[in-house]
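Residue numbers (UniProt numbering): 1 to 140. Heads up, the beta-carbon is just placed ideally off N, CA and C, and yes, glycines get one too. One structure is given here, and the rest of the page talks about it.
What follows is the structure in structure tokens.
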């Protein structure tokens, strides 16, 4: 979505593509009107708005948002459900078909103030174990 803003969408492929296109359009419009990059917190509100607009016939997609504030470089993580309810935890976010398995591994392995190498190892272990236990997720 931007140099310091990422959005992962899980769910039905057609809904993921539709939401991704709508997000790109809204980001472009925001940046043209405002003349600056969108902040991650603002972006999560845009994602929530798009999903909530279709709450009675929702897109079958969940979003995971991670980014750094363009001015302060403050980290930001969030996730949304099918109807756009935003969750902004302080520690970690999981989403997708293997959410339950991944959540358990993250709770067991994650600690505050991990270094880059340690964090990479925690993420790797959580993903590998979650994929191995979830038949509906695609193998990497």
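DSSP state of residue i, grouped into three classes?
i           : result
residue 96  : coil
residue 140 : Confidence at residue 140 is low in this model, with a pLDDT of 48, below 50, so the placement of that residue should be treated as unreliable; the coordinate-derived value is given next. The answer is coil: DSSP assigns residue 140 none of H, G, I, E or B.
residue 14  : helix
residue 72  : coil
residue 6   : strand
residue 111 : coil
residue 86  : strand
residue 65  : strand
With a Cβ-Cβ cutoff of 7 Å, do residue i and residue j count as a contact?
i           : j           : result
residue 58  : residue 86  : no
residue 64  : residue 95  : yes
residue 102 : residue 130 : yes
residue 127 : residue 67  : no
residue 48  : residue 80  : yes
residue 152 : residue 37  : Given that the chain is displayed from residue 1 to residue 140, the structure contains no residue 152 and the question cannot be resolved.
For residue i, count neighbouring Cβ atoms within 10 angstroms of its own Cβ and tell me buried if that reaches 16, exposed if not.
i          : result
residue 21 : exposed
residue 24 : exposed
residue 33 : exposed
Quick check: the Cα distance between residue i and residue j, rounded to an integer number of angstroms?
i           : j           : result
residue 39  : residue 27  : 10 Å
residue 10  : residue 97  : 8 Å
residue 70  : residue 60  : 30 Å
residue 124 : residue 108 : 13 Å
residue 120 : residue 53  : 36 Å
residue 30  : residue 76  : 19 Å
residue 115 : residue 104 : 21 Å
residue 113 : residue 90  : 12 Å
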